[in-house]
Structure formats: structure tokens, C-alpha cells
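Accompanying notes for the structure given below.
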Amino acid sequence: MKLEVWNDAVNLFELVYNNLSTIHIDLKSRSQIIDSAQSVSANIAEGYCRRSINEYLYFLNVALGSLGELMTRLIGLHSVNIINNEQFYNIDEFHYKVRINY
């Protein structure tokens, strides 16, 4: 896909996935974080493939919600020192890049 926001969302997923591979958290939390990260690009793609602008906008809003869920979960991990400052700020910086492209 040529959508810049979709490419950024895929890169955000990769960043989150790679950072999670270096930390020890329970499988449920890991799964929820990975799922929310992957949902961002998936919903952008699904909306892009729909036939109406209203559906496209709906799925962009769903993707934005997934982005919020992802960051909420990561803020929680950061607040209990499961992910360090560098990991958190790298992801947070990329999160803003995705958000700005909306």
C-alpha cells in the first residue's frame, strides 16, 4: 500500500513487537499489546479497501482507538518499570508520527 500512515503503522507494529521480545511479561498482556499494535495498520487497510468515504473514516477512527489502547498498555508497562525509558520513548515518538499522519 502507498498510504504513508499505513506504512508508519506497520513500522510501529514492528517496533513494538521487537521491543516486546526483549522483556518478560505474561502471555495475555503480550498478546493484547501485539494485537492492538497490529490492529492499527489492519484497520487502516480495511477502511482503505471499502467503497465509501464514510466507511473509510469509520475504520480510521477504529485504528485511532487501537493506537490509544496500545499506548495505554505501554504507559502501564512503563509505569511499573517493565519497559525502560528508551523503549517507551522510542515507541511513543513513533506513535506520534502515526497519529500526525491521520
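Under the numbering used here, the first residue of the sequence shown is numbered 310, with each subsequent residue one higher. Cβ atoms here follow ideal geometry from the backbone N, Cα and C, with glycine treated the same way.
Buried or exposed (CB count within 10 angstroms, at least 16 for buried), residue i
i, result
"Asn328", "buried"
"Tyr350", "Per the sequence shown, residue 350 should be read as Ser rather than Tyr. Flag for Ser350 reads buried."
"Ser340", "exposed"
"Gly356", "buried"
Alpha-carbon to alpha-carbon, residue j and residue i
i, j, result
"Gln468", "Asn316", "Outside the displayed span of the chain (310 to 411) sits residue 468, for which this structure offers no information."
"Leu321", "Phe403", "6 Å"
"Phe368", "Gly377", "14 Å"
"Asp401", "Leu336", "22 Å"
"Gln347", "Val319", "7 Å"
"Leu324", "Ile332", "13 Å"
Residue i Cβ short of 7 Å to the ligand ADP heavy atom set
i, result
"Glu355", "Inclusion of the ligand ADP in the displayed structure is not the case, the ligand content being empty and no account of it being possible."
Span of the alpha helix (DSSP H) around residue i
i, result
"Leu383", "Ile362 to Ser388"
Pair within 8 Å by beta-carbon distance, residue i and residue j
i, j, result
"Ile391", "Ile334", "yes"
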